[in-house]
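Numbered by our numbering, the letters in the sequence shown go through residues 408 to 621 in order.
Each residue gets a CB set at the ideal place from its N, CA and C atoms; glycine is no exception.
Here's the structure we're looking at; comments come further down.
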Amino acid sequence: MKFSVKTLKFFIPVLLMAGISWLAVDYFKEPDYEWIEICTAEGVKRVKYDDQGNLLAEEWISQIPAHLLLVEENPNAVQSQVTEAKLIELDNVEVDRCWVRLLPGNLPAATYFELKNNSGKELVLNAIKTRSYASAIMHENVSKKGMTTMESLDEISIAANGSLSFSVNTYHIMLENKQADIKPGDFISLQFYFQDTGMKTVQCKVNPPNSLSY
């Protein structure tokens with residue numbers, strides 16, 4: 408097929424403009440940030456943050472606070488207390504890839520990690536402490552009547568020679584009321600307490616709001 412010079416002169420600028428327009432649209436389009444779930448004093452919601460920590464979008468999942476859900480399930484439940492006895496560092500417990508999703512202002516942060524119990528006996532994790540936040544509460548993601556929410560846990564068991572993953576879709580530690588100036592890239596110290604056994608001190612990396620992994 409042959410094209411005349413006149414035809415080519417017409418189509419070449421059109422094709423060039425189309426290519427430039429496509430590149431401009433691709434360059435200036437907004438990145439597709441992931442939704443993340445967070446606990447607040449008012450309930451659980453999904454949010455989107457950009458790389459600078461600016462809130463892009465939010466929507467409520469449940470406006471029932473997680474601690475009230477625990478009371479509804481078990482009216483006699485109380486927060487576990489750290490036993491002062493046997494507070495020794497446990498060498499046969501590993502806590503790897505511990506990271507904190509830091510949210511803007513004084514919003515609660517979430518902590519995730521991989522825990523391995525190499526002790527040969529069942530362990531019960533019943534408290535977490537840190538000087539960087541006033542409180543640290545374990546939560547589990549649960550689905551009820553087609554709705555995802557989070558419930559507080561007093562304790563959680565780890566089987567002998569077993570492992571447990573605190574990940575975005577399973578469990579997390581909610582850290583509330585920040586007590587120090589923390590920014591992405593920092594590390595904070597967390598103490599994991601195991602019932603009648605001992606403790607494990609871990610350094611956890613602080614990540615920005617839109618992080619989904621270590």
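(message) Can you give me the C-alpha to C-alpha distance between A566 and F601, rounded to a whole angstrom?
(response) Numbered from 1 along the sequence shown, position 159 holds the residue referred to as residue 566. Numbered from 1 along the sequence shown, position 194 holds the residue referred to as residue 601. Whole-angstrom Cα-Cα distance: 13 Å.
(request) Let me know if P511 comes out buried or exposed under the rule of 16 or more other beta-carbons within 10 Å of its beta-carbon. (result) Reading the sequence shown from its first residue, position 104 is the one you call residue 511. It is exposed - the Cβ of P511 has fewer than 16 other Cβ atoms within 10 Å.
(message) Spatial neighbours of E441 within its chain, please: C-beta separation below 8 Å, excluding the five flanking residues on both sides.
(response) To locate residue 441, count along the sequence shown from 1; it is residue 34. Hits under 8 Å: K455, N617 and L619.
(message) With distance defined between alpha-carbon atoms, name the residue in R508, N499 and K552 nearest to K528.
(response) For the purposes of this step, residue 528 is taken as the residue at position 121 of the sequence shown. Taking only the C-alpha atoms, the option nearest K528 is N499.
(message) By alpha-carbon positions, which one of Y540, L462 and I535 ends up nearest to E562?
(response) Taking the sequence shown and counting its residues from 1, one reaches residue 562 at position 155. Looking at the Cα atoms, I535 is the closest of the given residues.
(request) Could you round the C-beta distance between P615 and L509 to whole angstroms and report it? I think they count as a contact, below 8 Å. (result) Sequence index remark: in the sequence shown, residue 615 carries index 208 (1-based). Sequence index remark: in the sequence shown, residue 509 carries index 102 (1-based). Confirmed, Cβ separation roughly 7 Å.
(request) Could you tell me the boundaries of the beta strand (DSSP E) in which W506 lies? (result) Counting from 1 along the sequence shown, the entry for residue 506 is found at position 99. Looking at the DSSP string, the run of the beta strand (DSSP E) that includes W506 is V500 to R508.
(request) Just tell me which of K552, L497 and L560 has its CA closest to the CA of F599. (result) Looking up residue 599 in the sequence shown gives position 192. Minimum Cα distance to F599 is reached at L497.
(request) For my contact list, I634 and I595 are in at a C-beta cut-off of 8 Å; report their separation, rounded to the angstrom. (result) Shown here, the chain extends from 408 to 621; a query on residue 634 therefore has no answer.
(request) Can you tell me which of the three DSSP states V531 falls into? (result) For the purposes of this step, residue 531 is identified with residue 124 of the sequence shown, where counting begins at 1. If DSSP states are grouped into helix, strand and coil, V531 belongs with the strands.
(message) In whole angstroms, give me the CA-to-CA distance for N568 and N524.
(response) Position 161 of the sequence shown holds residue 568. Position 117 of the sequence shown holds residue 524. The straight-line gap from Cα to Cα measures roughly 5 Å.
(request) Give the secondary structure of G605 by DSSP, where H, G and I count as helix, E and B as strand, and everything else as coil. (result) Indexing the sequence shown from 1 puts residue 605 at position 198. The answer is strand: DSSP assigns G605 an E or B state.
(request) Under 7 Å Cβ to Cβ from V531, same chain only, skipping five residues before and after it: list those, please. (result) If you number the sequence shown from 1, residue 531 lands on position 124. Contacts found: E562, S564, F601 and Q602.
(request) Taking 8 Å as the cut-off, decide whether the C-beta atoms of L560 and M545 are in contact. (result) Along the sequence shown, one-based indexing puts residue 560 at 153. Along the sequence shown, one-based indexing puts residue 545 at 138. Result yes, Cβ atoms of L560 and M545 sit closer than 8 Å.
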